[in-house]
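Enquirer: Submitted below is the structure of interest, expressed as structure tokens.
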Amino acid sequence: MNKMVLVAGGAGYIGSHTTVELINAGYDVVVVDNFSNSDASSLEGIRKITGVEPKFIEADCADKEAMRKVFEAYDFQSVIHFAAYKAVGESVAEPLKYYHNNLVSFVNILELMAEYGRSNVLFSSSATVYGDAEELPVTERTERKPATSPYGNTKQMSEDILRDTVRANSAMHGIALRYFNPIGAHPSALIGELPRGVPNNLVPYITQTAAGVRECLSIFGDDYPTPDDSCLRDYIDIVDLARAHVVAINRMVEGRTKESYEVFNIGTGRPVSVFELVRGFENANNLKLNYRVAERRAGDVTAVWADTTLANEELGWCAERRLEDTLKAAWAWEKAVRGL
Ligand code: UDP
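FYI, our numbering numbers position 44 of the sequence shown as 206, with every residue one higher than the one before it.
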């Protein structure tokens, strides 16, 4: 059995945690990253946690000839593709940057996989493909809504590119994991999220506010039709999320897929409001957060959370970590980054 995996974007937030779990599960990992939204400290963190130095090649996945060298050098059977931009607002301002990077990278990887006879592809998708869903929780059969940003569109288009590619190539298998809201950090506090500039996402904004880097958290809207009037999301611990990649890779490597292309929701199945998350962070870490209610943020949906039955039953995976522990880990990581 070929236990080598290429992790494209393996120095990033989800990529680094997944690399750790793959190594812990006995996989030989080759990381490719161009550090466009990450840095080498995560590779050092991976080494400290696992005791293993992952093979590393600095390359841009949108550079096909650079990627060809990676395929020439290593005989991995499986690829996980994380190497994509992810800032919704930036994608609206600079759509071609997103279409070029996110789609060209993926097409390059798929073309090289077909050319070099590599079979298993795991794609990082997102709950963003469901948009403002009509039924909650969303199942994998819930209709995708037209994307509201170029970023979201690249996720939908990449899912379709993967589906069509593996259906047309009987030697290939593809799985798309639709992540809900990944949060937290490795319990060692050696790897975590490293947002550049002002964070867009809730938990990094909370931890930076607690650290005094940001003055005050804005809660975007308290006039939503939800029990406490703030938005509902499904916050999934980053280590639980990373483990989902390992079981999805196992499924393909061991030939247990039921169809050439499969999709799984990766969440907890539990909606949590913005106020609950803020209170949860305060209680878990025994501190008070400076926050105020602000206007709604354009483009936010009221509520989205996962039906995780398919992942539970087919992958044998379920979220295990308690939100309290996840929020403790998020704060421990922020403190480690700031030297607090
Ligand atoms: N949010 C907030 N303040 C922030 C960032 C986010 O109130 O500074 C809210 C946002 O409106 C949404 C939730 O937190 O309801 C999660 O937002 P995030 O950007 O983390 O993820 P999204 O669900 O938008 O992908």
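Note that beta-carbon positions come from the ideal geometry of N, C-alpha and C, so glycine has one too.
Any heavy atom of the ligand UDP inside 7 Å of the beta-carbon of residue 363?
Expert: Against the sequence shown, residue 363 aligns to sequence position 201. Yes, the Cβ of residue 363 comes within 7 Å of a heavy atom of the ligand UDP.
Enquirer: Taking the continuous beta strand (DSSP E) assigned at residue 262, which residues delimit it?
Expert: As a first step, residue 262 must be located in the sequence shown, where it is residue number 100. First-last for residue 262: undefined, no H or E at that position.
Enquirer: Throw me the rounded Cβ distance for the residue 302 and residue 425 pair, which I believe falls under 8 Å.
Expert: Locating residue 302 in the sequence shown gives position 140, where the first residue counts as 1. Locating residue 425 in the sequence shown gives position 263, where the first residue counts as 1. About 5 Å separates the CB atoms of residue 302 and residue 425; that is less than 8 Å, so the two are in contact.
Enquirer: Quick check on the burial criterion: 16 or more other C-beta atoms within 10 angstroms. Buried or exposed for residue 358?
Expert: Numbered from 1 along the sequence shown, position 196 holds the residue referred to as residue 358. The residue in question, residue 358, is exposed, as its Cβ has fewer than 16 Cβ neighbours within 10 Å.
Enquirer: Taking the alpha helix (DSSP H) that residue 409 falls in, what are its first and last residues?
Expert: By one-based count along the sequence shown, residue 409 stands at place 247. Its alpha helix (DSSP H) spans residues 400-415.
Enquirer: One question on the structure: do residue 286 and residue 246 come within less than 8 Å of each other, judged by their Cβ atoms?
Expert: To locate residue 286, count along the sequence shown from 1; it is residue 124. To locate residue 246, count along the sequence shown from 1; it is residue 84. Cβ distance < 8 Å, so residue 286 and residue 246 count as in contact.
Enquirer: Just to confirm, is the Cβ distance from residue 298 to residue 210 under 8 Å?
Expert: For the purposes of this step, residue 298 is taken as residue 136 along the sequence shown, with counting starting at 1. For the purposes of this step, residue 210 is taken as residue 48 along the sequence shown, with counting starting at 1. Cβ distance not < 8 Å, so residue 298 and residue 210 don't count as in contact.
Enquirer: Can you name the start and end residues of the alpha helix (DSSP H) that residue 330 belongs to?
Expert: As a first step, residue 330 is located in the sequence shown; it is residue number 168 there, counting from the start. Element bounds for residue 330: 312-330.
Enquirer: Taking only runs of the alpha helix (DSSP H) that begin and end inside the stretch 195-269, which ones reach a length of at least 4 residues, in chain order?
Expert: Within the stretch 195-269, the complete alpha helix (DSSP H) runs of at least 4 residues are 203-212, 226-235, 250-255, 257-260.
Enquirer: Tell me whether the beta-carbon of residue 469 lies closer than 8 Å to the beta-carbon of residue 431.
Expert: On the sequence shown, residue 469 is found 307 positions in, with the first residue counted as 1. On the sequence shown, residue 431 is found 269 positions in, with the first residue counted as 1. Yes, these two residues count as a Cβ contact at 8 Å.
Enquirer: With distance defined between alpha-carbon atoms, name the residue in 376, 416, 388 nearest to residue 454.
Expert: Against the sequence shown, residue 454 aligns to sequence position 292. Closest by alpha carbon: 376.
Enquirer: May I ask you to check if the CB of residue 379 is nearer than 7 Å to at least one heavy atom of the ligand UDP?
Expert: The residue you call residue 379 lines up with position 217 of the sequence shown. The answer is yes for residue 379.
Enquirer: Would you kindly work out how many angstroms separate the C-alpha atoms of residue 275 and residue 317, rounded to a whole number?
Expert: In the sequence shown, residue 275 corresponds to position 113, counting from 1. In the sequence shown, residue 317 corresponds to position 155, counting from 1. Rounded to whole angstroms, residue 275 to residue 317 spans 20 Å at the Cα level.
Enquirer: Along the beta strand (DSSP E) that carries residue 382, what are the first and last residues, could you check?
Expert: Walking along the sequence shown from the start, residue 382 turns up at place 220. Looking at the DSSP string, the run of the beta strand (DSSP E) that includes residue 382 is 379-382.
Enquirer: Taking 7 Å as the cut-off, does the CB of residue 384 come closer than this to any heavy atom belonging to the ligand UDP?
Expert: Position 222 of the sequence shown, counted from the start, is the residue given in the question as residue 384. Not under cutoff, so the answer is no.
Enquirer: Along the chain, where does the alpha helix (DSSP H) that runs through residue 489 open and close?
Expert: The residue labelled residue 489 in the question sits at position 327 within the sequence shown. Run containing residue 489: 485-500, per the alpha helix (DSSP H) assignment.
Enquirer: Examine the ligand UDP and report whether any of its heavy atoms sits within less than 7 Å of the Cβ of residue 459.
Expert: As a position in the sequence shown, residue 459 is number 297, starting the count at 1. True, at least one ligand heavy atom lies under 7 Å from that Cβ.
Enquirer: So, residue 404 versus residue 180, is the Cβ gap smaller than 8 Å?
Expert: To locate residue 404, count along the sequence shown from 1; it is residue 242. To locate residue 180, count along the sequence shown from 1; it is residue 18. Contact: yes.
Enquirer: Among 292, 270, 295, which one has its Cα closest to the Cα of residue 283?
Expert: If you number the sequence shown from 1, residue 283 lands on position 121. Comparing Cα-Cα distances from residue 283 to each of 292, 270, 295, the minimum goes to 270.
Enquirer: Is any non-hydrogen atom of the ligand UDP found closer than 7 Å to the C-beta of residue 432, if you look at the structure I gave you?
Expert: Position 270 of the sequence shown, counted from the first residue, corresponds to residue 432. No.
Enquirer: Closer than 7 Å to a non-hydrogen atom of the ligand FMN - does that hold for the CB of residue 283?
Expert: The ligand FMN is not among the ligands present in this structure, which contains only the ligand UDP.
Enquirer: Given a cut-off of 8 Å, decide if residue 192 and residue 166 are closer than it, judged by their beta-carbon atoms.
Expert: Here the question's residue 166 lines up with position 4 in the sequence shown. Here the question's residue 192 lines up with position 30 in the sequence shown. Taking 8 Å as the Cβ cut-off, residue 166 and residue 192 qualify as a contacting pair.
Enquirer: Consult DSSP for residue 292 and reduce its assignment to one of helix, strand or coil.
Expert: Stepping through the sequence shown from its first residue, residue 292 is reached at position 130. Residue 292 falls in the helix class under three-state DSSP.
Enquirer: Under the criterion of a Cβ to heavy atom distance below 7 Å, does residue 436 qualify as lining the ligand UDP?
Expert: Translated into the one-based positions of the sequence shown, residue 436 becomes position 274. Yes, the beta carbon of residue 436 sits closer than 7 Å to at least one heavy atom of the ligand UDP.
Enquirer: Determine contact between the stretch 432-443 and the stretch 258-269, defined as no fewer than three beta-carbon pairs at a distance below 8 Å.
Expert: no
Enquirer: In whole angstroms, what is the alpha-carbon distance linking residue 207 and residue 237?
Expert: Here residue 207 is taken as the residue at index 45 of the sequence shown, counted from 1. Here residue 237 is taken as the residue at index 75 of the sequence shown, counted from 1. Cα-Cα distance, rounded: 25 Å.
Enquirer: When you compare the stretch 372-388 with the stretch 412-420, are there three or more beta-carbon pairs, one atom per stretch, that lie closer than 8 Å?
Expert: Contact between the stretch 372-388 and the stretch 412-420 is absent, because fewer than three Cβ pairs lie under 8 Å.
Enquirer: Roughly how many whole angstroms lie between the Cα atoms of residue 221 and residue 385?
Expert: Working through the sequence shown from its first residue, we reach residue 221 at position 59. Working through the sequence shown from its first residue, we reach residue 385 at position 223. Rounded to the nearest angstrom, the two C-alpha atoms are 45 Å apart.
Enquirer: Could you say if the stretch 489-501 and the stretch 318-325 meet the contact criterion of at least three C-beta pairs nearer than 8 Å?
Expert: no
Enquirer: Using DSSP with H/G/I as helix, E/B as strand and the rest coil, what is residue 303?
Expert: As a position in the sequence shown, residue 303 is number 141, starting the count at 1. Correct three-state label for residue 303: coil.
Enquirer: Would you give the residue range spanned by the alpha helix (DSSP H) that residue 478 belongs to?
Expert: Within the sequence shown, the letter at position 316 stands for residue 478. Element bounds for residue 478: n/a, residue is neither H nor E.
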